[in-house]
Structures are given as structure tokens and as C-alpha cells.
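Residue 7 is where the sequence shown starts when you use my numbering, and the numbers rise one by one after that.
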Amino acid sequence: MSGIVGIINLDGAPVDRDLLWRMTDFLSFRGPDAKEIWIDGNVGFGHTMLHTTFEAETENQPLTLDGKAWLTADARIDGRADLIHELESKGGSDLKSANDAELILHAYHAWGEDCVKHLIGDFAFAIWVGRERRLFCARDHFGVKPFYYAQVANCLIFSNTLNCVRMHPAVSDELNDLAIGDFLLFGFNQETSTTSFADIQRLPPAHSLSWSTELARLNRYWILPVSDQLRYKRPSEYIDHFRALLHESVGDRLRTGLVAVSMSGGLDSTTIAATANQLLTKKSKPFDLRAFTIVYDQLLPDQERHYSGLVAEKLGIPIHYRPADSYSIFDRIDQPDLLYSEPSDFPLPALVFDYLNQVAGHSRVLLCGEGGDPLMLCSWLDLTKTLKEFRLEPIFRYAAWHIWTYAQLPRLGCLAALRNRLGKKSWNYSYPVWINELFAKRLDLTTRLEQINKVPAAVHPTRPEAYNNFLRASWLDCFERGDPGVTSIPVEIRYPFFDIRLVNYMLAIPSIPWCVHKELLRIAMRGVLPESVRRRPKKPLAGNQLQALLRAYPKYIDGFEPAAGLVKYVNKDAILRISGEQDSSQQELNLRIICLNYWLHSLKSVTNLIPEEECYEATG
Numbered sequence: 007m008s009g010i011v012g013i014i015n016l017d018g019a020p021v022d023r024d025l026l027w028r029m030t031d032f033l034s035f036r037g038p039d040a041k042e043i044w045i046d047g048n049v050g051f052g053h054t055m056l057h058t059t060f061e062a063e064t065e066n067q068p069l070t071l072d073g074k075a076w077l078t079a080d081a082r083i084d085g086r087a088d089l090i091h092e093l094e095s096k097g098g099s100d101l102k103s104a105n106d107a108e109l110i111l112h113a114y115h116a117w118g119e120d121c122v123k124h125l126i127g128d129f130a131f132a133i134w135v136g137r138e139r140r141l142f143c144a145r146d147h148f149g150v151k152p153f154y155y156a157q158v159a160n161c162l163i164f165s166n167t168l169n170c171v172r173m174h175p176a177v178s179d180e181l182n183d184l185a186i187g188d189f190l191l192f193g194f195n196q197e198t199s200t201t202s203f204a205d206i207q208r209l210p211p212a213h214s215l216s217w218s219t220e221l222a223r224l225n226r227y228w229i230l231p232v233s234d235q236l237r238y239k240r241p242s243e244y245i246d247h248f249r250a251l252l253h254e255s256v257g258d259r260l261r262t263g264l265v266a267v268s269m270s271g272g273l274d275s276t277t278i279a280a281t282a283n284q285l286l287t288k289k290s291k292p293f294d295l296r297a298f299t300i301v302y303d304q305l306l307p308d309q310e311r312h313y314s315g316l317v318a319e320k321l322g323i324p325i326h327y328r329p330a331d332s333y334s335i336f337d338r339i340d341q342p343d344l345l346y347s348e349p350s351d352f353p354l355p356a357l358v359f360d361y362l363n364q365v366a367g368h369s370r371v372l373l374c375g376e377g378g379d380p381l382m383l384c385s386w387l388d389l390t391k392t393l394k395e396f397r398l399e400p401i402f403r404y405a406a407w408h409i410w411t412y413a414q415l416p417r418l419g420c421l422a423a424l425r426n427r428l429g430k431k432s433w434n435y436s437y438p439v440w441i442n443e444l445f446a447k448r449l450d451l452t453t454r455l456e457q458i459n460k461v462p463a464a465v466h467p468t469r470p471e472a473y474n475n476f477l478r479a480s481w482l483d484c485f486e487r488g489d490p491g492v493t494s495i496p497v498e499i500r501y502p503f504f505d506i507r508l509v510n511y512m513l514a515i516p517s518i519p520w521c522v523h524k525e526l527l528r529i530a531m532r533g534v535l536p537e538s539v540r541r542r543p544k545k546p547l548a549g550n551q552l553q554a555l556l557r558a559y560p561k562y563i564d565g566f567e568p569a570a571g572l573v574k575y576v577n578k579d580a581i582l583r584i585s586g587e588q589d590s591s592q593q594e595l596n597l598r599i600i601c602l603n604y605w606l607h608s609l610k611s612v613t614n615l616i617p618e619e620e621c622y623e624a625t626g
């Protein structure tokens with residue numbers, strides 16, 4: 007979770023040392039363990055260090071192995087043993103004790119820009135090769151780690167923190183109207199390559215950026231593969247393979263003694279907690295694994311306290327609860343620490359801030375169960391293909407194995423899936439009636455809404471819904487909203503279900519029967535989780551959280567004052583009408599007006615928000 011920043015003056019002018027120090031110092035909240043810069047004429051890197059793995063305790067960045075290629079990285083490299091074996095087979099020395107930053111540089115020296123094809127994990131990094139006057143940057147496969155950049159006024163500026171890029175005096179505060187339009191239409195920016203600011207770009211997931219001789223080139227180095235369907239003879243082989251990959255995924259995200267897990271009472275997060283507990287228990291090193299849970303005790307009929315408590319008791323780990331009932335929408339929204347770097351339609355930033363602060367009191371690493379739903383998303387196409395081809399023998403074989411092993415019928419759910427599909431319409435975004443007509447016409451927002459509402463082409467032959475779900479732009483919003491660049495809290499959230507080894511495997515196996523009701527996950531957790539949790543059906547939070555909050559705290563809708571720039575995006579007359587809206591779906595749309603309004607009120611030049619720091623003597 008380290009902080010990274012870089013400046014390249016394209017006209018050859020030397021980097022302003024004081025400016026680079028101020029931008030690096032701004033990132034201290036990301037990395038309180040160390041802070042350093044490196045400058046070579048017109049190029050400068052900054053880095054702030056947060057130790058979140060055992061290996062990271064030996065890291066020093068910016069880093070070089072040969073004095074020629076320099077690296078600044080926010081990275082956790084997974085599959086270390088395989089990567090080290092590859093590197094050593096190419097003539098590398100013993101790398102078993104190498105930290106992740108060193109492995110990235112070794113990979114670059116071995117394969118050049120193709121190094122990213124050999125890396126897995128969560129990473130955002132930049133490498134400067136002085137002899138070639140070349141910059142190479144990369145972002146991980148799913149975009150868990152952010153990477154922002156701007157090429158303005160003969161400068162290339164990058165960082166993993168949006169507001170750090172904004173600190174550079176050449177970067178303007180001009181807004182990107184299409185990103186604002188996307189927020190009003192969808193609640194987040196649908197473009198993975200842009201931000202809410204016109205000058206600042208976002209490096210998309212699974213992309214690299216190369217720069218030399220004033221030319222920047224984007225390259226997509228990885229595409230979620232479509233593999234031939236994997237078929238085993240015995241059902242137990244599917245389960246054993248899944249368990250092995252789950253252990254690899256969770257194990258690669260541990261690598262530290264103090265671990266927190268975001269654990270509700272559902273199947274996904276409790277599976278992550280149970281697997282982490284199993285792996286840590288087997289190690290000889292001492293560890294402290296704790297669960298952290300947000301609960302509603304009064305506002306909603308929530309059962310997460312009960313079920314998460316059962317799991318914590320079964321695993322023998324402490325659990326810490328954060329009651330959410332006392333938090334109102336936009337609570338403490340005027341506090342600088344709670345301001346989002348981009349518009350967000352999540353109205354409870356204080357709850358997230360307090361929750362992550364509670365986690366930070368124990369650990370710098372928080373495991374999360376996000377991604378379990380798309381991973382186990384049962385495919386209608388796979389069901390119809392199975393029935394059309396009359397491929398029932400594998401299902402009968404699985405049913406016989408399940409009865410023999412567990413003395414009960416499996417929950418295949420085919421009829422339920424068929425019934426749900428026949429009675430279910432495709433979900434679409436609605437067009438907000440209050441969007442400014444001139445603004446909408448200039449950007450053709452009605453056509454944009456139609457394009458986004460179209461069902462994506464079926465790239466995957468049997469799991470198109472799951473495949474497309476993993477590529478949704480909303481995941482970037484999820485990852486970046488929990489990133490320290492937004493929260494300002496030194497907690498790195500890790501997502502084991504977004505491991506490419508696990509995702510590739512799940513997309514290759516038949517979804518019938520393994521993904522129906524998350525059957526594979528439930529079987530893998532037999533004897534590990536309490537039966538009441540293992541068999542618990544998938545349920546959303548009881549009641550409508552947002553509706554309950556709006557009823558409890560109507561003043562936040564009735565009394566807001568429009569910011570000066572709001573009328574550019576929203577009809578002035580509509581602003582006066584939103585508080586009287588009774589339709590629940592329309593109320594949720596209306597909330598975006600208020601969220602954008604708060605963000606516009608808070609929007610200031612970052613240089614005005616950052617006190618003038620003393621300049622430090624830097625090494626270069």
C-alpha cells in the first residue's frame with residue numbers, strides 16, 4: 007500500500023526537488039515507514055513505504071539493481087515461488103529472499119516490457135531506464151491498485167493517488183464532463199481510462215504505459231481468457247482443485263502476522279476467514295487473525311451479528327462489531343478526511359472511515375470477500391446448453407457422488423434457475439429526469455445510456471454473465487473507493503476471489519452443478535463453517551438500507567444548498583422538487599444530485615488544501 011509519484015519533464019528541464027518532496031510528503035499517510043525520492047535530471051521518483059508483508063521489511067524505494075533502471079512501486083507479487091523459479095532458470099541468482107520490488111525489477115531485466123505477462127498479484131509501478139530515456143508503467147489485471155497520470159505542459163506526472171497528481175501546478179482543476187455525466191447516469195464513471203478531471207487519466211486494468219521521445223503508448227497485456235471447458239471424471243477432483251487454488255489465493259495475501267478480515271455472516275467472507283485461519287494455524291509463526299463486521303441492530307432487521315458471531319466462535323478468533331445504526335447519511339461530510347477524490351453515491355463515508363480506523367488499530371491488511379458472487383455466478387447459457395445437448399450424465403454422476411458422500415440430495419437448482427430466468431427481465435439504468443437538457447444534449451447522454459444498457463456480447467461460450475461481470479467498470483469504483491488514496495487510512499484491502507488463477511479455473515469448469523447456489527463453495531467448507539452458515543441461502547441485507555436512512559434523516563434532502571456549479575449538470579427547478587419524491591427508485595437517483603453537490607462544494611485546488619511543508623534534503 008505504498009505511495010508512489012513521478013515527474014518527467016519532457017523538455018529536459020530538471021525536476022523541481024522541492025515540488026517532488028511536497029508531492030511525496032503528501033503521500034505519507036500511505037506509507038509511514040519510510041519516505042524517499044530519487045532524481046536524475048529531468049526525471050524524479052518519490053516513494054512512501056508501508057510494510058504489509060514479511061518481505062517488504064527489507065524494501066527500499068525508489069529501487070535499482072544496476073544503477074540504470076529505477077523502480078517505484080505499490081505492489082504485492084503473488085505466485086512468488088513460480089516466478090522465482092522462472093527467473094532463476096534464466097540465469098538469475100538465488101532470489102528466495104528477494105522482496106517484491108526486487109522481483110519486479112528482475113522480471114523487467116529478464117523480459118523487458120513483457121515482464122507483466124509473468125507477474126500476478128496487485129500492483130501499480132513505474133520503471134525508468136535512463137540509458138534508453140524510457141518510462142514503463144503497469145497496473146494489475148483487475149485494477150485493484152490505482153494508477154493515475156497526466157501529460158500536460160511538457161510534463162508527465164503519475165501517482166497511485168489522484169490528489170497527488172492534482173498537486174502539480176501544471177495540472178488544472180477542469181472537470182471531465184463525461185465522467186460527471188456518467189456519475190449522474192450510473193453512479194460511477196464507465197470509462198476505465200479517464201477520471202473526473204480533464205487533465206488526469208487512469209491507467210486501465212491489465213494495461214501498461216510506455217513513454218519515450220515524447221510519445222505515450224498504451225498496451226493491453228492481458229485479456230481474461232476463454233479456455234476450453236475443464237472436465238474431470240470424479241466430482242472430488244473439482245473440489246480438490248478448487249481448495250488448492252483457494253489456499254494459494256488466500257495464502258499469497260497473508261504473508262504477515264497481523265491480519266484482519268471483513269466478515270459478514272454470509273458464505274463468501276466467512277470462507278475467506280476460515281481459509282486464512284486454516285493456513286495461519288499450519289504455520290510455525292505466531293499470528294493474530296481478527297474479524298471486523300458492520301452490523302445493524304435497530305435500523306434494520308439484520309442477522310449478520312448472529313451469523314458472523316457463530317463463525318468467529320467456530321474458528322476461535324476475536325470479532326469486532328461496528329454498529330451502523332447511529333450513522334446518518336452524509337454524517338461528518340464536511341471533514342476533510344471524509345471527502346472523496348471523485349464523486350461517489352455512497353452516503354456513509356463516516357461509517358467506512360470509522361470502520362477502517364478500527365481495523366487499522368489491529369492490522370494493515372484487510373481480507374475481503376468481494377468477488378465471490380461473479381465467481382460463482384450460475385450461467386443460464388450453460389444450463390440451456392446442457393439441456394440442449396442432453397449432457398445429463400455428468401449431472402447424474404455428480405448427484406450419485408453427492409448422495410454417497412453426504413447421504414443427501416444435492417441442491418442442483420436447475421428448475422429454480424429456469425423459473426427465475428423466464429420471469430426475470432434484464433436490469434437497466436433509468437434516465438434521471440432532472441439532468442440539464444443542454445448538458446445532456448451536448449454529450450448525447452441518452453445514446454450513452456442506451457449503449458450501456460445493452461447486454462454485452464457473449465464472449466465466453468458457457469459463462470458469459472460471469473465473464474462480463476469481472477470486467478465491469480464498477481469494480482474499479484469499488485477498489486478505488488476502498489483504497490487509501492481515498493480513505494487516507496493505511497489499510498490495504500485484499501481480494502482473494504479476484505485471483506486470476508482462481509478466476510480462470512472457475513470460468514473453465516461447468517457451472518452446472520458447481521455454481522448453482524455456490525455448491526462448490528458450500529462443499530469445500532463442509533466441516534469448516536457452522537452448518538447454519540454453510541447452508542444459509544444468499545440473502546441481501548434485510549430491508550432497504552438507503553430507504554431506512556432517508557426516512558430517518560430527511561433533512562439531508564430537504565435542506566441542502568446547491569453549489570454554484572451544480573446547475574450546469576442539473577435543472578434548477580428539479581433541485582427544488584427532489585425532497586418530495588416518494589418513489590424509492592427515484593429517491594436513489596436523486597441522491598446522486600446531493601452527492602455531486604457535496605463534492606462540488608468541497609472541490610478546491612489541492613495545493614490550497616495542503617499546508618506548505620518544509621523542504622527536505624533529498625538524495626539523488
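Beta carbons: idealized from backbone N, C-alpha and C, even for Gly. These numbers come from a predicted model, not from an experiment.
* To do: Would you kindly check if the distance between the Cβ of L345 and the Cβ of S268 is under 7 Å?
  => Along the sequence shown, one-based indexing puts residue 268 at 262. Along the sequence shown, one-based indexing puts residue 345 at 339. Result no, Cβ atoms of S268 and L345 do not sit closer than 7 Å.
* Give the single residue among L606, A530, E243 and E119 whose Cα lies nearest to the Cα of E567. => As a first step, residue 567 must be located in the sequence shown, where it is residue number 561. Minimum Cα distance to E567 is reached at L606.
* Hey, how far is the Cα of S242 from the Cα of P543? -> Residue mapping note: residue 242 aligns to position 236 of the sequence shown, counting from 1. Residue mapping note: residue 543 aligns to position 537 of the sequence shown, counting from 1. If you take the alpha carbons of S242 and P543, they lie about 23 Å apart.
* Asked: Among all the DSSP beta bridges, which residues are the ones paired with L264?
  -> If you number the sequence shown from 1, residue 264 lands on position 258. Note: L264 sits in a beta bridge opposite D294.
* Report the residue from A280, P349, P152 and K447 whose alpha carbon sits nearest the alpha carbon of S199. => In the sequence shown, the residue the question calls residue 199 occupies position 193. Here the closest residue by C-alpha is P152.
* To do: Drop a sphere of 10 angstroms on the beta-carbon of A250, count the other beta-carbons inside from all chains shown, and report buried for 16 or more, exposed for fewer.
  => Your numbering for residue 250 matches position 244 in the sequence shown. The residue is exposed, with fewer than 16 neighbouring Cβ atoms inside 10 Å.
* Using CA coordinates, which residue listed in Y511, A366 and F503 is at the minimum distance from R36? -> Within the sequence shown, residue 36 is the residue found at index 30, counting from 1. The shortest C-alpha separation from R36 is found at A366.
* Given S202 as reference, the closest of Y155, C161, I229 and Y227 once Cα atoms are compared -> One-based indexing of the sequence shown puts residue 202 at position 196. The residue with the shortest Cα to Cα distance from S202 is Y155.
* Asked: Using a Cβ-Cβ cut-off of 8 Å (strictly less than) and excluding sequence neighbours within five positions of K102, which residues of its own chain qualify?
  -> Within the sequence shown, numbered from 1, the residue matching residue 102 stands at position 96. Only I90 meet the Cβ criterion.
* Asked: Would you call the segment 306 to 317 and the segment 260 to 278 in contact, with 3 or more CB pairs under 8 Å?
  -> yes
* **Collapsed DSSP secondary structure at Y244 in the structure displayed** => On the sequence shown, position 238 is the one that residue 244 refers to. Y244: helix per DSSP, three-state reduction.
* Which residue from V150, S538 and A144 puts its Cα closest to that of R500? -> What you label residue 500 is simply residue 494 of the sequence shown in a count that begins at 1. The shortest C-alpha separation from R500 is found at V150.
* To do: State the start and end residues of the unbroken beta strand (DSSP E) segment that holds A79.
  => The residue given as residue 79 occupies position 73 in the sequence shown. From DSSP, the beta strand (DSSP E) with A79 extends over A75 to D84.
* Asked: Which term fits V465, buried or exposed, when burial requires 16 or more other beta carbons within 10 angstroms of its beta carbon?
  -> As a working mapping, residue 465 is identified with position 459 in the sequence shown. Looking at its Cβ environment, which holds fewer than 16 other Cβ atoms inside 10 Å, V465 is exposed.
* **Beta-carbon proximity of L449 to Y437, cut-off 7 Å** => As a first step, residue 449 must be located in the sequence shown, where it is residue number 443. As a first step, residue 437 must be located in the sequence shown, where it is residue number 431. Contact: no.
* To do: Report yes or no: do three or more beta-carbon pairs, one from the segment 214 to 234 and one from the segment 44 to 55, lie closer than 8 Å?
  => no
* To do: Could you tell me which residues DSSP pairs with G118 in its beta bridges?
  => Counting from one through the sequence shown, the residue named residue 118 turns up at place 112. In DSSP, G118 forms no bridge with anything.
* Asked: Quick one: what does DSSP say A479 is sitting in, helix, strand or coil?
  -> Numbered from 1 along the sequence shown, position 473 holds the residue referred to as residue 479. If DSSP states are grouped into helix, strand and coil, A479 belongs with coil.
* What residue from P496, R296 and M7 has the CA that sits closest to A130's CA? -> Mapped onto the sequence shown, residue 130 falls at position 124. Among P496, R296 and M7, the Cα nearest to that of A130 is on M7.
* Proximity of I163 and H174 at Cβ, strictly below 7 Å -> The count along the sequence shown starts at 1 and reaches residue 163 at position 157. The count along the sequence shown starts at 1 and reaches residue 174 at position 168. Closer than 7 Å, so yes.
* Since Q157 is in the beta strand (DSSP E), which residue starts that stretch and which ends it? -> Position 151 of the sequence shown, counting from 1, holds the residue named residue 157. First-last of the beta strand (DSSP E) with Q157: Y154 to V158.
* **A422 classed as buried or exposed, judged by whether at least 16 other C-beta atoms fall within 10 angstroms** => Reading the sequence shown from its first residue, position 416 is the one you call residue 422. Unreliable placement is indicated for A422, whose pLDDT of 46 sits below 50; no coordinate value is reported for it.
* **Unbroken alpha helix (DSSP H) run spanning E456, endpoints** => In the sequence shown, residue 456 corresponds to position 450, counting from 1. Taken as a continuous stretch (DSSP letters only), the alpha helix (DSSP H) holding E456 covers L451 to N459.
* To do: Mind checking which residues open and close the beta strand (DSSP E) that includes H53?
  => Within the sequence shown, numbered from 1, the residue matching residue 53 stands at position 47. Note, H53: beta strand (DSSP E), V49 to M55.
* Asked: Would a check of beta-carbon distances place A472 closer than 7 Å to chain B?
  -> No chain B appears in the structure shown, which is made up of a single protein chain.
* Within 10 angstroms of the Cβ of K114, are there 16 or more other Cβ atoms? Answer buried if so, exposed if not. => One-based indexing of the sequence shown puts residue 114 at position 108. It should be noted that the sequence gives Tyr, not Lys, for residue 114. Buried.
* Under the DSSP definition of a beta bridge, which residues are partnered with I163? -> Position 157 of the sequence shown holds residue 163. Answer is I13 and A156, bridged to I163.
* Spatial neighbours of V21 within its chain, please: CB distance less than 7 Å, with the 5 preceding and 5 following residues excluded, ordered by chain position. => As a working mapping, residue 21 is identified with position 15 in the sequence shown. Answer for V21: I13, N15, I45, N48, V49 and G50, listed in chain order.
* To do: With DSSP as the reference, label N363 as helix, strand or coil.
  => Position 357 of the sequence shown, counting from 1, holds the residue named residue 363. Helix, per DSSP.
* **Residue range of the unbroken beta strand (DSSP E) whose run includes E310** => Within the sequence shown, residue 310 is the residue found at index 304, counting from 1. Counting along the chain, E310 falls outside any beta strand (DSSP E), though it belongs to the alpha helix (DSSP H) covering E310 to L321.
* To do: Name the residue from P462, F504, G127 and S275 whose alpha carbon lies nearest to the alpha carbon of R261.
  => What you label residue 261 is simply residue 255 of the sequence shown in a count that begins at 1. Comparing Cα positions, the closest option is G127.
* Are A472 and P380 touching if we call contact CB-CB under 7 Å? -> As a first step, residue 472 must be located in the sequence shown, where it is residue number 466. As a first step, residue 380 must be located in the sequence shown, where it is residue number 374. Yes; because the gap between Cβ atoms is below 7 Å, this pair is in contact.
* To do: Taking only the alpha-carbon atoms, compute the straight-line gap between I529 and R541 and give it to the nearest angstrom.
  => Sequence index remark: in the sequence shown, residue 529 carries index 523 (1-based). Sequence index remark: in the sequence shown, residue 541 carries index 535 (1-based). Rounded to whole angstroms, I529 to R541 spans 10 Å at the Cα level.
* Just reading off the beta strand (DSSP E) that V371 is part of, what are its end residues? -> Residue mapping note: residue 371 aligns to position 365 of the sequence shown, counting from 1. Per DSSP, V371 belongs to the beta strand (DSSP E) from V371 to L373.
* Cβ neighbour criterion (16 or more within 10 Å) applied to D31 -> As a first step, residue 31 is located in the sequence shown; it is residue number 25 there, counting from the start. Its Cβ being crowded by 16 or more others within 10 Å, D31 is buried.
* Asked: Applying the criterion that 16 or more other CB atoms from any shown protein chain within 10 Å of the CB defines a buried residue, is G9 buried or exposed?
  -> On the sequence shown, residue 9 is found 3 positions in, with the first residue counted as 1. Its Cβ being crowded by 16 or more others within 10 Å, G9 is buried.
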